[in-house]
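The next block holds one structure in the form of structure tokens; read it before the comments.
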Amino acid sequence: MKHPLHLIALLILGTWTSQLTLAQVADAGPDTSLCVDFYTMQGSALPLGATGTWTVVMGCGTLNVPNDPSCPVTDLCIGSNVFVWNVDNNGTIKSDVVEIIVFDAAMAVANAGPDTITMIAPQSSAFLSGSPTPIYPATCWWSWVQGNGVIMDQNDPISMVTGLIIGDNILAWTCDNGPCGATSDTLVIQMMLATSLSNALGDGAPSILFDPFNHQIRVRETAVLDALDVLGVDGRVLLHAGEGYRSISMAYLPAGLYLARAVLNGRPELLRFVVGD
């Protein structure tokens, strides 16, 4: 026969163990981030006689076996999805929440726009043309690789940048897409003084000319055009022409200052021109 004190100790231990079990039965598992729209829940095991139920409280998801601690979930939404694991242990109800953050695997990689744009001082600002616009919870931002101007909104793919300096201003557009990966791309903004254009032409007479009367860029007979871009003062490419053109109309451009960047006979050439009213 057991001693009465021993029986009391067993009773106290059993009560404490039961209370501890009740305190531990509702654990929804760790928060997690995914690059897919499905997941297997990691809820705590159920004590004998207890029942459990998963419910969605924010976001979306199909609970395929809602009473299973290891319930498979499909059709999760991009962004935050919050679930509750409720455990009923003989009338004692405990609950816990878990957040499942889903990133968009289809989001495009970071693209800073054209590899290089050329601008003419004194213009010292430009509009950027990065992509994509980040899809939450992914984040994207501009940063300086070389230069120290002011990016008006670092998270805006088409932000304005000011304070550009003569020479190469290099920016990076970076996108962090969580478990789907991070990507980055760079943009070079070449700032040139108007007086330095002749240096960029190299030796010899220019091979492209602007005809202000007919609003055309003309290619000299001795030159062969490989490619030509026309840029505005903000550095954006407004027109692109491929090889073989002898004349290119600028009639549709509004009055203003422009830069033609061409490759002729395999040789780069720049032309600054003004379109009048």
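As numbered in the numbering used here, residues 462 to 738 make up the sequence shown, in order. Each residue gets a CB set at the ideal place from its N, CA and C atoms; glycine is no exception.
Name the DSSP bridge partner or partners of R697? As a working note, residue 697 is residue 236 in the sequence shown. The partner list for R697 (beta bridge, DSSP) is empty, contrary to what the question assumes.
First and last residue of the beta strand (DSSP E) that includes E560? As a position in the sequence shown, residue 560 is number 99, starting the count at 1. Counting along the chain, the beta strand (DSSP E) containing E560 begins and ends at T553 to V563.
With 16 other Cβ atoms within 10 Å as the buried cut-off, status of I562: Within the sequence shown, residue 562 is the residue found at index 101, counting from 1. Its Cβ being crowded by 16 or more others within 10 Å, I562 is buried.
Measure the alpha-carbon distance for L589 versus R697 and round it to whole angstroms. Position 128 of the sequence shown holds residue 589. Position 236 of the sequence shown holds residue 697. Straight-line Cα distance between these residues: approximately 9 Å.
What is the rounded straight-line gap between the Cα of V680 and the Cα of L654? Residue 680 sits at position 219 when you count from the first residue of the sequence shown. Residue 654 sits at position 193 when you count from the first residue of the sequence shown. So the alpha carbons of these two residues sit roughly 24 Å apart.
Report back the beta-carbon spacing between R722 and L692 to the nearest angstrom; my notes put them in contact at under 8 Å. Here residue 722 is taken as the residue at index 261 of the sequence shown, counted from 1. Here residue 692 is taken as the residue at index 231 of the sequence shown, counted from 1. Between L692 and R722 the Cβ distance is about 6 Å, and since that is below 8 Å, they are a contact.
Could you pull the DSSP bridge partners for Y719 from this structure? By 1-based counting over the sequence shown, the position of residue 719 is 258. BP columns for Y719 point to F734.
Quick one: Cα of P598 to Cα of Q503, how far? Here residue 598 corresponds to residue number 137 of the sequence shown, with the count starting at 1. Here residue 503 corresponds to residue number 42 of the sequence shown, with the count starting at 1. If you take the alpha carbons of P598 and Q503, they lie about 23 Å apart.
Simplified DSSP state of P583, which is helix, strand or coil: Counted from its first residue, the sequence shown places residue 583 at position 122. Three-state result, P583: coil.
Just list the residues that DSSP pairs M519 with in beta bridges. Against the sequence shown, residue 519 aligns to sequence position 58. Paired residue(s): V543.
Grab the span of the beta strand (DSSP E) containing N630 for me, first residue to last. On the sequence shown, residue 630 is found 169 positions in, with the first residue counted as 1. Start and end: G628 to D637.
Hey, does I562 have any beta-carbon neighbour from chain D nearer than 8 Å? Included in the structure is just one protein chain, with no chain D present.
When the distance is taken between beta carbons, is G520 closer than 8 Å to S494? Numbered from its first residue, the sequence shown carries residue 494 at position 33. Numbered from its first residue, the sequence shown carries residue 520 at position 59. Their beta carbons are not under 8 Å apart, which means S494 does not touch G520 by this criterion.
If we count Cβ pairs, one from each stretch, closer than 8 Å, do we get three or more for the stretch 632-648 versus the stretch 573-590? Three or more beta-carbon pairs drawn from the stretch 632-648 and the stretch 573-590 are found closer than 8 Å, and the two stretches are therefore classed as touching.
Close Cβ partners of D565 (< 8 Å) along its chain, the five nearest in sequence each way excluded: Walking along the sequence shown from the start, residue 565 turns up at place 104. So the list reads I539, I596, A599, N638 and C641, once near-sequence residues are dropped.
Looking at the structure shown, is C601 part of a helix, part of a strand, or coil, going by DSSP? Position 140 of the sequence shown, counted from the first residue, corresponds to residue 601. Here C601 sits in strand by DSSP.
Among the candidates E730, L720, L725 and G737, whose CA atom is the shortest distance from the CA of A582? Indexing the sequence shown from 1 puts residue 582 at position 121. For A582, the closest alpha carbon among the candidates E730, L720, L725 and G737 is that of L720.
Terminal residues of the beta strand (DSSP E) in which T493 lies: Along the sequence shown, read from residue 1 onward, the residue named residue 493 stands at position 32. Element bounds for T493: T493 to L495.
Taking DSSP as the reference, what is the three-state secondary structure of P673? Counted from its first residue, the sequence shown places residue 673 at position 212. The answer is coil: DSSP assigns P673 none of H, G, I, E or B.
If G705 sits next to V736, beta carbons under 8 Å apart, how far is it from one beta carbon to the other, in whole angstroms? Locating residue 705 in the sequence shown gives position 244, where the first residue counts as 1. Locating residue 736 in the sequence shown gives position 275, where the first residue counts as 1. Actually they do not touch by this definition, with Cβ atoms about 24 Å apart.
Identify, in the order they occur along the chain, each residue of the same chain with its Cβ nearer than 6 Å to the Cβ of S604, setting aside the five sequence neighbours on each side. Position 143 of the sequence shown, counting from 1, holds the residue named residue 604. Around S604: A633.
Go ahead and pull the three-state DSSP assignment for P729. Counting from 1 along the sequence shown, the entry for residue 729 is found at position 268. Strand at P729.
Checking the sheet assignment: what are the DSSP bridge partners for L524? Here residue 524 corresponds to residue number 63 of the sequence shown, with the count starting at 1. When beta bridges are read from the DSSP output, L524 appears opposite V534.
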